[in-house]
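Visitor: What follows is a single structure, and I will ask about it in a moment.
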Amino acid sequence: DLRLTTRDIPDYDELMAHRLKLLDKHDLKLSIIQSVIDDMGPLPGAREFLDWLRERYQLIILSDTFYEFGMPLMRQLGSPTLFCHKLEIRDDHIANYCLRQPDQKRKAVQAFHSLNYKVIAAGDSYNDTSMLNEADAGILFQPPQNVIDEFPQFPVTNNYEELKLAFLDADERIEEK
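Position one of the sequence shown corresponds to residue 1 (the working numbering), numbered consecutively onward.
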């Protein structure tokens, strides 16, 4: 099932092997997938939230998606900077995936810290938790219950208004340090 995510299968390589097998089995081409993604659009309120963030902070989206999937959505979100992975494409078929580097979200936060940036990070799943731990402040946004249970150290937000307040609170706490 292509709806499975790291919420369901925490091991990213296992998840991607499952997805690639399904794509091949059903002869799903990249162009079809991109068309579906383009039609999906962002979550309601996402564009407004990102606009709010951009007015106050420098925004970079760290994602375990792939440029080939993410760019149609990024255009609908005002083209924020996206750091993610890349797909290997052959004849409009996804042949393989190329990770930028293992645990790239956490390593990106480390790199921002090495440049003396403070980092507030938000995420929803297992693949975000090392980034959230590395950040100066980590926030869970609409996570499943199993992630809430396993990572009680992070505040949980359920909508964009709560997430805004969590960012403001985190920013205030970081400034006090």
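By construction, the Cβ of each residue, glycine as well, lies at the ideal position given by its N, Cα and C atoms. The structure displayed is predicted, hence computed values, not measured ones.
Is it right to say K105 is buried, meaning 16 or more other beta carbons lie within 10 angstroms of its own, or is it exposed?
Guide: buried
Visitor: Just the C-alpha distance for D13 and R54, rounded to the nearest angstrom, thanks.
Guide: 33 Å
Visitor: Could you give the DSSP three-state label for H26: helix, strand or coil?
Guide: Coil at H26, not helix or strand.
Visitor: Would you check if there are 3 or more beta carbon pairs closer than 8 Å linking the stretch 37 to 55 to the stretch 108 to 115?
Guide: no
Visitor: Does H93 get closer than 8 Å to chain B when you measure Cβ to Cβ?
Guide: In summary, chain B is missing from the structure at hand, where a single protein chain is found.
Visitor: Can you give the beta carbon distance from L4 to L20, rounded, assuming they're within the 8 Å contact cut?
Guide: Not really, about 13 Å apart at Cβ, beyond 8 Å.
Visitor: Check whether the stretch 145 to 155 and the stretch 26 to 37 are in contact - that is, three or more C-beta pairs closer than 8 Å.
Guide: no
Visitor: Assign S79 to one of two classes, buried (16 or more other C-beta atoms within 10 Å of its C-beta) or exposed (fewer than that).
Guide: exposed
Visitor: For N158, I'd like the list of residues in its chain whose CB is within less than 7 Å of its CB, leaving aside the five on either flank, ordered along the chain.
Guide: Closer than 7 Å at Cβ, skipping near neighbours: Q142.
Visitor: How big is the Cα-Cα spacing for L30 and E172?
Guide: 43 Å
Visitor: So, helix, strand or coil for L119, using DSSP?
Guide: Checking the displayed sequence, the identity of residue 119 turns out to be Val instead of Leu. Coil, per DSSP.
Visitor: Give the DSSP bridge partners of A137, in chain order.
Guide: I120
Visitor: Below 7 Å CB to CB, which residues in the same chain sit around E134 once its five sequence neighbours on both sides are set aside?
Guide: R106, V109, Q110
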